[in-house]
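Residues 22 to 311, numbered by the numbering used here, are exactly what the sequence shown covers, in order.
Below is one structure, written out as structure tokens; comments come after it.
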Amino acid sequence: MRILTTREELLDARRGLNEAAGIGFVPTMGFLHEGHVSLMERSAADNEVSIATIFVNPTQFNEAADLDSYPRDPEGDAQKCRDAGVDILWMPEIPSVYADDHSTTVTVGGVTSALCGAARPGHFDGVATIVCKLFNLVRPDRAYFGEKDYQQLAMIRRMVRDLDMQLEIVGMPIVRDTDGVALSSRNKHLNGEQRAQARSLRESLEAARVAWQRGERSAAALRQVIRARIEVEPLADIDYVDVVGTRSVAPYGDAIIEDATCVAAVAVRFGATRLIDNARLDRPQPVWTP
Ligand code: PAF
């Protein structure tokens, strides 16, 4: 595996690749876990050349403290990338990515209005802009994203479609720990009590899925099932609980859901740590544990 840091090194390496070779791409912010590894292994399996990036993108953080405390482990990450079959790893510093006078922002409308888009103003503009830049630098045939960031994945699919970007977006199932908690770089910040209570996210989504299976189609009732499970936990501070369209990511509000499928999504704070999770209600959650 080649580890590159500057923009010139990356562009040089990319120019050296046979255009006919399938190029897979996994963008990350590092502190890699089995969820990232599953994306990298799939990229390595699907493509002749697999490229990953590790860049903690400052423009997608709403709070400076969140950016400062974002966990980092460059050496451990490089080893995980190597083991997962990555051929080229780009780990740039900020000046290799953003010019001092960078002044262009990519905004994807619609799918970013609710959930994290409403809770974290500007966040998705930061994600869309960096992902667009990375796609332009790497020029991959396929890029891999986890379904845990459901709205992010929907936004990237929409951006690729709307801007005629010539690559395939591959969504990969949520990877959970054995206690059901979705893997996230932020889990590191949870203490033992918070971690135990974080199980309520997955359990609340599963309760909604069971209600859906029994015929519940009221979005308000489904939200209430989720809230009721999470609110049992004294340390859980709900940011949002919502039920949205799978493609539109638009909340159903108080409607009776007539679509055959929908997604329930939650964001919950445990102290300073904000966790998100989601589930399609019309099918059993693929339980994927490392
Ligand atoms: O999902 C992430 O880790 C980030 O949002 C991404 C896609 C790497 C952009 O910084």
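Even for Gly, the Cβ is constructed at its ideal location relative to N, Cα and C.
Here the structure is a predicted model, which means the values were calculated and not measured.
| task | Give the DSSP-derived three-state secondary structure of Glu96 in the structure shown. | result | helix
| said: Can you tell me which residues fall inside 7 angstroms of ligand 3, judged by beta-carbon distance to its nearest heavy atom, and keep chain order? | reply: This structure lacks ligand 3; its bound ligands are ligand 1.
| Of the residues Gly45, Leu38 and Arg290, which one's Cα is nearest the Cα of Arg207? | Arg290
| Taking the alpha-carbon positions, what's the Val63 to Cys153 distance? | Note on identity: in this sequence residue 63 is Arg, with Val being the wrong assignment. Roughly 21 angstroms separates the two Cα atoms.
| message | Please tell me whether Thr133 and Thr150 are closer than 9 angstroms, where the distance is taken between their beta carbons. | response | no
| Opening and closing residue of the beta strand (DSSP E) in which Ala105 lies | Careful: Ala105 lies outside any beta strand (DSSP E) and carries neither H nor E.
| field | Rounded C-alpha distance that separates Arg160 from Ala34 | value | 12 angstroms
| query | Which stretch, first to last residue, makes up the alpha helix (DSSP H) that contains Ser64? | reply | Glu55 to Asp67
| field | Residues bridged to Thr80 [DSSP beta-bridge criterion] | value | Note: Thr80 sits in no beta bridge, so no partner.
| field | Nearest-angstrom Cα separation, counted from Leu184 out to Gly43 | value | 21 angstroms
| Arg301 versus Gly292, Pro255 and Val265, residue with shortest Cα-Cα distance | Val265
| task | Identify whether Glu227 lies in helix, strand or coil by the three-state DSSP scheme. | result | helix
| said: If the criterion is Cβ atoms closer than 9 angstroms, does the pair Val284 and Thr267 meet it? | reply: yes
| said: Nearest by alpha-carbon distance to Leu110: which of Ala241, Val191 and Pro48 is it? | reply: Pro48
| What residue from Met186, Arg248, Ala257 and Gly192 has the CA that sits closest to Arg216's CA? | Ala257
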